[in-house]
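Chains as they are written, first to last, in this note's numbering: chain A, 47 to 255; chain B, 47 to 255. C-beta: ideal position from N, C-alpha, C; glycine also. Accompanying notes for the structure given below.
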């Protein structure tokens with residue numbers, strides 16, 4: 047699977063099942079306490095057959111993590127093609143990222159808990175993918191600064207880390223199917239980022255004549 | 047140590063060294079891959095002597111995590127005694143929490159990575175401590191809402207999770223001793239929370255006469 051060896055639909059579907067099962071098991075037991083046997087059992091394969099798709103347990107972890115970034119490329123595309131000023135695209139970014147994370151809570155938990163169990167080379171590869179994603183957000187903030195929508199004195203990197211923190215944290219507390227949809231959550235966080243809690247309250251404080 | 051058996055200063059100092067060494071080793075290798083022997087080596091004790099202070103490896107993990115909350119009680123005290131409107135105390139909370147986290151990055155990494163390795167009873171005990179801390183922030187937001195500083199339509203819990211996310215995330219990227227001090231970081235995050243990126247930019251956009 048390191049090379050996505052088999053492009054036939056049935057094989058791709060099987061690979062997806064294996065990645066999802068691996069993420070579930072890593073998340074439940076921790077990578078160190080999980081075995082290839084457990085993952086084989088979860089997808090109904092003999093352990094030997096599972097090795098047709100993967101090289102090792104670490105290979106599986108790497109694929110789960112790389113897959114998180116692969117999917118996130120869609121966010122960049124969606125935000126980039128939006129016809130809106132930078133701050134509008136920034137809000138769209140927050141919405142898209144929250145919806146994306148909310149749809150992959152298990153994989154994202156594994157991403158953050160077990161990433162350092164990868165070999166150094168593979169950690170570097172994942173780190174490189176993350177940099178591409180972060181750089182997109184930094185560039186978007188810089189564009190908003192050039193457009194005077196964001197104070198140029200604010201550090202784009204500090205803002206980026208704060209935004210990603212608030213969003214990435216969702217995997218620790220968000221329960222899908224509850225009273226708040228990912229879209230609503232995206233609206234709230236986008237509004238606080240843009241206007242602040244005081245800005246959102248302002249309309250109520252304006253004198254009504 | 048589960049009972050803090052020995053209150054003499056030398057013993058307390060030793061306990062602190064043991065907790066710090068345990069946090070370092072858990073953070074570097076992960077709890078599952080760490081041994082009591084490694085921790086004994088790090089503090090220059092025979093393994094048998096270390097068991098004078100602890101009951102088990104899990105006991106150490108529990109103490110490291112409980113210690114994070116014990117220290118955080120100082121934040122609540124500091125914010126509570128501040129003579130300021132709720133939004134001012136909220137900003138102070140952000141500053142204090144960031145300074146606190148920045149001073150304990152290792153312990154906080156262990157808190158978030160290895161908490162689920164505890165027994166269910168002990169996870170529940172840590173969860174209970176966290177609830178007290180979160181409830182304080184929720185109550186502060188509700189006070190700001192009653193004071194019309196924050197729109198009462200915003201969910202205090204969603205806001206709380208976003209604020210804690212941005213702050214807790216710091217352990218993943220913040221490097222102490224760099225160009226940004228914890229106090230500066232607290233200022234930036236507090237300002238964005240209160241005024242939003244648009245609000246902070248506003249003074250520059252006002253016409254200068």
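At least one CB atom of chain A sits nearer than 8 Å to the CB of residue 235/B. About 6 Å separates the CB atoms of residue 239/A and residue 140/A; that is less than 8 Å, so the two are in contact. In the DSSP assignment, residue 55/A falls within the alpha helix (DSSP H) that extends over 55-75. Excluding the 5 residues flanking it on each side, residue 67/B has same chain C-beta neighbours closer than 8 Å at 85, 88 and 89, in chain order. Neighbours of residue 246/B in chain A, taken as residues at a C-beta separation under 9 Å, are given in chain order as 196, 197, 199, 200 and 242. Interface with chain A (8 Å Cβ-Cβ cutoff): residue 161/B is excluded.
In this structure, the alpha-carbon of residue 122/A lies about 14 Å from that of residue 129/A.
Between residue 226/A and chain B, the shortest Cβ-Cβ separation is below 8 Å. Judged by DSSP secondary structure, residue 117/A falls within the alpha helix (DSSP H) whose first and last residues are 103-126. With a threshold of 8 Å between beta carbons, residue 78/A makes contact with chain B.
Following the DSSP letters along the chain, one finds residue 146/A inside the alpha helix (DSSP H) bounded by residues 132-148. Rounded to whole angstroms, the Cβ separation of residue 245/A and residue 242/B is 5 Å, and the two are in contact under 8 Å. Counting only Cβ-Cβ distances below 7 Å, residue 212/B has contacts in chain A at 208, 211 and 212, in chain order.
The C-alpha of residue 77/B lies about 43 Å from the C-alpha of residue 191/A. Residue-level contact check: residue 144/A does not touch chain B, since none of the beta carbons of chain B fall below 8 Å from its beta carbon. For residue 133/A, the nearest beta carbon of chain B is closer than 8 Å to its own beta carbon. Taking residue 150/B as the centre and dropping the five residues before and after it, the same chain places the C-beta of 114 and 117 closer than 8 Å to its C-beta, in chain order. Assigned with DSSP and collapsed to three states, residue 226/A falls in coil, not helix or strand.
Here residue 165/A has 104 as same chain residues with Cβ atoms under 7 Å from its own Cβ, once five neighbours each way along the sequence are excluded.
Within chain A, the residues whose beta carbon sits less than 8 Å from that of residue 231/B are 204, listed in sequence order. Taking C-beta atoms as the reference points, residue 152/A and residue 73/A count as a pair closer than 8 Å. Nearest to residue 159/B by alpha-carbon distance, out of 108/B, 101/B and 91/B, is 108/B.
Under a 10 Å Cβ-count criterion, residue 202/B is classified as buried, with 16 or more other Cβ atoms of the shown protein chains found around its own Cβ. Between the C-alpha atoms of residue 83/A and residue 63/A there is a straight-line separation of about 15 Å. Judged by DSSP secondary structure, residue 167/B falls within the alpha helix (DSSP H) whose first and last residues are 166-192.
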